[in-house]
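Numbering (the working numbering), first residue to last: 156 to 292.
The block underneath contains the structure these notes are about, expressed in structure tokens.
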Amino acid sequence: MKLPPYADVLKAEVERDADGAPILVMPFHDDVVGRPGFLQGGAISGLLEVAAIAALQYALEGEGDNEGGDEGGGAARIKPINVTIDFMRGGRDKTTYASGTITRLGNRVANVVATAWQDDPAKPISAARMNYLIVRD
Numbered sequence: 156m157k158l159p160p161y162a163d164v165l166k167a168e169v170e171r172d173a174d175g176a177p178i179l180v181m182p183f184h185d186d187v188v189g190r191p192g193f194l195q196g197g198a199i200s201g202l203l204e205v206a207a208i209a210a211l212q213y214a215l216e217g218e219g220d221n222e223g224g225d226e227g228g229g230a231a232r233i234k235p236i237n238v239t240i241d242f243m244r245g246g247r248d249k250t251t252y253a254s255g256t257i258t259r260l261g262n263r264v265a266n267v268v269a270t271a272w273q274d275d276p277a278k279p280i281s282a283a284r285m286n287y288l289i290v291r292d
């Protein structure tokens, strides 16, 4: 799975859940510090966007149309249309997880919800709603 370059800045790694869906894992480090002891909001937003892209690539792999990933032909490009972020609580100085859920996957547009959490997935620190244009070659 090919992630955007910003994933490297965040030091985000992809793990898989029991169903094989991607979960992004971002360790706390100096590049994501906001005020002391807290994550910077832009790092959280970036992690959510990367998680949404990973979820969309995973969904497109089944069609053979992923964004240059390991499987399929890399025949679809993903372009963001809009992003809305809700910050629910401060991200602390610990590992942060994020995953995306496809709420609608059409021929040209996908709607994705991504959630970030630290200790408990039932207590998210932020969530994002994103729409992506899918350009199929």
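Virtual Cβ for every residue (Gly too), placed ideally from N, Cα, C.
Buried/exposed call for residue i, threshold 16 Cβ in 10 Å
{"i": "E191", "result": "The sequence as given places Pro at residue 191; Glu does not occur at that position. Classification of P191: exposed, given that the 10 Å Cβ count is below 16."}
{"i": "A167", "result": "buried"}
{"i": "T239", "result": "exposed"}
{"i": "I236", "result": "exposed"}
Proximity below 7 Å, CB of residue i to CB of residue j
{"i": "A271", "j": "L203", "result": "yes"}
{"i": "Y161", "j": "G201", "result": "yes"}
{"i": "R263", "j": "I233", "result": "no"}
Candidates the options, of which the one nearest residue i by Cα
{"i": "I280", "options": "Y213, L260, T251, R263", "result": "T251"}
{"i": "S254", "options": "V164, K157, D163, I208", "result": "I208"}
{"i": "P159", "options": "A265, D275, L211", "result": "L211"}
{"i": "L165", "options": "K157, V180, D172", "result": "V180"}
Nearest-angstrom Cα separation, counted from residue j out to residue i
{"i": "V267", "j": "R284", "result": "6 Å"}
{"i": "A282", "j": "G196", "result": "12 Å"}
Self-check item: beta strand (DSSP E) segments (min. 3 residues) lying fully within the segment 251-291
Solution: 251-260, 264-272, 281-291
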